[in-house]
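Below: the structure, in structure tokens.
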Amino acid sequence: MSNYIFPGFILIFGGLLLPLFPKSLRKWVALALPVLSCVHMHYLPEGYALTTQIFEYTLTPVRMDKLSLVWGYVFHLAALMSVLYQMHVKDTLQDVSGITYAGAAVGAVFAGDLITLFVYWELTAITSVFLIYANRTPTAAKIGTRYLIIQVASGVILFFGVLLWVRETGSVDIGSFTYGEDNWHLFGPFVNPETGMPVSMASWIILFAFGIKAAFPFLHNWLQDSYPAATATGTVFLSAFTTKLAIYALVRCYAGTSILIPIGLVMTLFPIIFAVIENDLRKVLAYSLNNQLGYMVVGAGVGTELALNGAAAHAFAHIIYKGLLFMAMGAVLYRVGTTKANQLGGLHKSMPLTTIFCIIGSLSISGMPGFSGFVTKSMTLSAAFGTHDVLLFVGLLIASAGVVDHSGIKIPFFAFFAHDSGKRCKEAPINMLLAMGIAAFFCIFLGIYPQPLYDILPFEVRADVNGAEWHNYSASHVYTSFQLLFMAALAFVVLMKTNMYPPELSCTNLDTDVVYRRWLKRSAMTIGSTIQSIWSRTLGSIKAQIVGTVQRVGDQARPNSILGEPWTIGRTALWAAILLLFVFVSGMTKVM
Numbered sequence: 001m002s003n004y005i006f007p008g009f010i011l012i013f014g015g016l017l018l019p020l021f022p023k024s025l026r027k028w029v030a031l032a033l034p035v036l037s038c039v040h041m042h043y044l045p046e047g048y049a050l051t052t053q054i055f056e057y058t059l060t061p062v063r064m065d066k067l068s069l070v071w072g073y074v075f076h077l078a079a080l081m082s083v084l085y086q087m088h089v090k091d092t093l094q095d096v097s098g099i100t101y102a103g104a105a106v107g108a109v110f111a112g113d114l115i116t117l118f119v120y121w122e123l124t125a126i127t128s129v130f131l132i133y134a135n136r137t138p139t140a141a142k143i144g145t146r147y148l149i150i151q152v153a154s155g156v157i158l159f160f161g162v163l164l165w166v167r168e169t170g171s172v173d174i175g176s177f178t179y180g181e182d183n184w185h186l187f188g189p190f191v192n193p194e195t196g197m198p199v200s201m202a203s204w205i206i207l208f209a210f211g212i213k214a215a216f217p218f219l220h221n222w223l224q225d226s227y228p229a230a231t232a233t234g235t236v237f238l239s240a241f242t243t244k245l246a247i248y249a250l251v252r253c254y255a256g257t258s259i260l261i262p263i264g265l266v267m268t269l270f271p272i273i274f275a276v277i278e279n280d281l282r283k284v285l286a287y288s289l290n291n292q293l294g295y296m297v298v299g300a301g302v303g304t305e306l307a308l309n310g311a312a313a314h315a316f317a318h319i320i321y322k323g324l325l326f327m328a329m330g331a332v333l334y335r336v337g338t339t340k341a342n343q344l345g346g347l348h349k350s351m352p353l354t355t356i357f358c359i360i361g362s363l364s365i366s367g368m369p370g371f372s373g374f375v376t377k378s379m380t381l382s383a384a385f386g387t388h389d390v391l392l393f394v395g396l397l398i399a400s401a402g403v404v405d406h407s408g409i410k411i412p413f414f415a416f417f418a419h420d421s422g423k424r425c426k427e428a429p430i431n432m433l434l435a436m437g438i439a440a441f442f443c444i445f446l447g448i449y450p451q452p453l454y455d456i457l458p459f460e461v462r463a464d465v466n467g468a469e470w471h472n473y474s475a476s477h478v479y480t481s482f483q484l485l486f487m488a489a490l491a492f493v494v495l496m497k498t499n500m501y502p503p504e505l506s507c508t509n510l511d512t513d514v515v516y517r518r519w520l521k522r523s524a525m526t527i528g529s530t531i532q533s534i535w536s537r538t539l540g541s542i543k544a545q546i547v548g549t550v551q552r553v554g555d556q557a558r559p560n561s562i563l564g565e566p567w568t569i570g571r572t573a574l575w576a577a578i579l580l581l582f583v584f585v586s587g588m589t590k591v592m
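If you want it as structure tokens, here you go:
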């Protein structure tokens, strides 16, 4: 019977029922739901598929394989840590939203057909927005609405692409939308090399929908706009699911798609500048998240077994260490009330454990040997090196150095060290510390002993197609990593000592969202006012014509006018005779 319960159903259904439990039990039930759901998922047999027939289409609401299990395990772990992290928060809205959001993401990665994927895709948007609304401020309401519009738009575009795909192929199954590598270069050709037929436009539309959720360049601003606007605990949920669900979709459907390589490379590079100049440390982490997504997109684009393993492993590790960093900043926000770098500093005296956990997360994201980021990122770098694309490999190395500066050093330095802000507060609540402790444990454990992670990856971990054994801690990997870390740290120190590092200022840094949040808004308002003006003038002209006509008719009815003067009996009889004659002639004409 349990085989007919969808993965994620326990989280969704249980989350919706949370308000019915007594307040004293509600948090503990919420904490138990990810555990129960993960146990249920674990005991479903690999290769299991649940199908149903709707009209002439066969839907597969559940499909279990190694790729979906990677995301399934880490999504449950993220849900558990996030629920534990917000145990002190007495807000049923956040409890229900967070649990159902996690359930929708879990359900999506096990969806075996496009219709089921679309349903979960939209459900993640609808459930997650309440983590932003939960701040209950006018600003959060506006940002939450923008977030919801963009996420729902992604789903609408996905649905349109699915309709086109079903019309062209007659199938709703989730599979590869590519026809091989050569036809997916940035500028074409849009031709299937096997059949000579044009590549389906549906596959490009679906890729665009995935790109919105994955925060592709120019589609990314919703991430930096919304995540820092969520509650201190809500951001931890948000950082785990939405974007990584999109990465799963890219790996599942567009593995080996060459256009993803330049897209991913740009994603790794452009956030560095914004992260360095940003004052809000939670927003710095949002830009850093964009940077890390780029590595996964590159891995999906390269498409080799090592690259796809790297994308999956990086997503797994990233959810944990990025969640840890957001938890550390959330603890600071909870205790101090701000994450603005120019208002922080010296908090290591008041929050020593949070400081340690933050440093562990920073070392992980920096790729320090001995931490999880090193053993996962090196797989993607090695796969990129195997493409013999020098620009790609060098670009990823530059991006790796940038990560050290803005996430590895800037976050812990400005929050806990730097100048002493004079702020003194309590350490984070015990539940926050426990959640951070679990994340920190996995950051270290997977860095020292990554084999459990390798065992669940979709392919056997090998160095190349010839089956060479993979060694994370080879001399070249470790040496390259320490070189990057040293040079990045040296650059940070030199810039700080010479006062060349961008100062932390309370200001708004313009990103590409200025196009639609300012210019397009201004253009729309100008066009709207122009249309309103034309419409007003047109209505005014029509009104004037009607009024003039009524006035002229009225003038004819005045006493001195033709219609207004009195008629004699003779004139009246004459006009009556003329009218009767006209009627008589008309009738005779019809008879004849």
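All residue numbers for the sequence shown refer to this note's numbering, where the first residue is 1 and numbers rise by one. For each residue, glycine too, the CB sits at the ideal point set by N, CA and C. Note that the structure is a prediction, hence the values are computed from the model and not measured.
Selection from the options that minimises the alpha carbon distance to residue i
i	options	result
VAL29	TYR57, THR52, LEU84	LEU84
ILE603	PHE270, LEU293, LEU11, ALA209	No answer is possible for residue 603: it lies beyond the span of the chain, which begins at 1 and ends at 592.
GLY47	GLN53, VAL62, LEU36	VAL62
TYR73	PRO458, MET525, ALA134, THR235	PRO458
LEU446	ASN279, GLY367, VAL403	GLY367
HIS220	THR512, PHE582, MET496, GLY144	THR512
PHE218	ALA79, VAL236, VAL266, ALA401	VAL266
THR304	SER258, ILE126, GLY15, SER288	SER258
GLU168	ASN135, PRO138, TYR147, SER203	SER203
THR235	GLY264, LEU484, SER37, LEU281	LEU281
TRP165	LEU207, ALA125, ASN135	LEU207
THR508	LEU238, ASN279, PHE270, VAL172	ASN279
MET432	THR51, LEU325, HIS40	LEU325
SER68	TYR57, GLN94, MET41	MET41
LEU601	GLY264, LEU245, LEU123	No answer is possible for residue 601: the residues shown for the chain start at 1 and end at 592.
LYS410	THR355, ILE126, GLY107, TYR4	THR355
TYR287	THR243, ILE438, ALA307	THR243
TRP71	PHE13, PHE442, VAL251	VAL251
SER226	THR387, THR268, LEU148, ILE157	LEU148
LYS27	SER536, PHE237, LEU80, SER382	LEU80
ALA249	LEU238, PHE237, GLY211	GLY211
Residue i vs residue j beta-carbon contact at 8 Å
i	j	result
SER364	PHE371	yes
SER421	GLY345	yes
PRO369	TYR295	no
ALA399	VAL302	no
LEU209	GLY144	In the sequence as displayed, the identity of residue 209 is Ala instead of Leu. Taking 8 Å as the Cβ cut-off, ALA209 and GLY144 do not qualify as a contacting pair.
SER362	GLY408	yes
SER82	ALA240	yes
LEU453	PHE316	yes
LEU11	VAL96	no
PHE270	CYS358	no
ILE261	ILE360	no
GLY395	THR538	no
LEU306	ALA108	no
LEU490	LEU397	no
CYS593	VAL336	In this structure the chain extends from 1 to 592, so residue 593 is not present and cannot be described.
VAL64	LEU36	Note that residue 64 is Met in the sequence shown here, rather than Val. No, they are not a contact pair.
VAL332	THR233	no
VAL172	LEU50	no
Cβ distance (whole Å) where residue i is taken to contact residue j below 8 Å
i	j	result
ALA300	ALA229	So it is not a contact: roughly 29 Å between Cβ atoms.
PRO450	VAL375	4 Å
ALA111	ILE174	7 Å
LEU33	GLY8	That pair is no contact at about 11 Å.
TYR334	ALA440	Wrong, their Cβ atoms sit about 18 Å apart, outside the cutoff.
THR231	GLN94	6 Å
HIS406	VAL284	6 Å
ALA140	THR124	No, ALA140 and THR124 are not in contact; Cβ-Cβ is about 19 Å, not under 8 Å.
Cross-strand partners of residue i (DSSP beta bridge)
i	result
GLU469	ARG462
ASP113	ASP173
ARG146	Per DSSP, none; premise fails for ARG146.
ALA331	Beta-bridge pairing links ALA331 to no other residue.
LEU59	THR52
ASP280	LYS340
Residue i CB to nearest heavy atom of the ligand NAD below 7 Å
i	result
GLY447	With respect to the ligand NAD, the structure shown offers nothing to examine, as it has no ligands at all.
Min CB distance residue i to chain B below 8 Å
i	result
THR304	The structure shown has no chain B; it contains just one protein chain.
Worksheet item: Should the stretch 339 to 354 be regarded as contacting the stretch 300 to 318, the criterion being three or more beta carbon pairs within less than 8 Å?
Response: No: the two stretches stay apart, fewer than three of their Cβ pairs being nearer than 8 Å.
Worksheet item: Is there contact here, the stretch 91 to 101 with the stretch 130 to 143, by at least three beta-carbon pairs under 8 Å?
Response: Under the three-pair Cβ rule at 8 Å, the stretch 91 to 101 counts as touching the stretch 130 to 143.
Worksheet item: Within the chosen definition, does the stretch 334 to 345 reach the stretch 500 to 509 through at least 3 CB pairs nearer than 8 Å?
Response: Short answer: they touch.
Discussion item. Closer than 8 Å is the cut-off here; do at least three beta carbon pairs connect the stretch 114 to 121 with the stretch 13 to 31?
Written reply: Cβ pair count under 8 Å is below three, so no.
Item to complete: Could you say if the stretch 261 to 279 and the stretch 145 to 159 meet the contact criterion of at least three C-beta pairs nearer than 8 Å?
Response: Verdict: no, contact absent.
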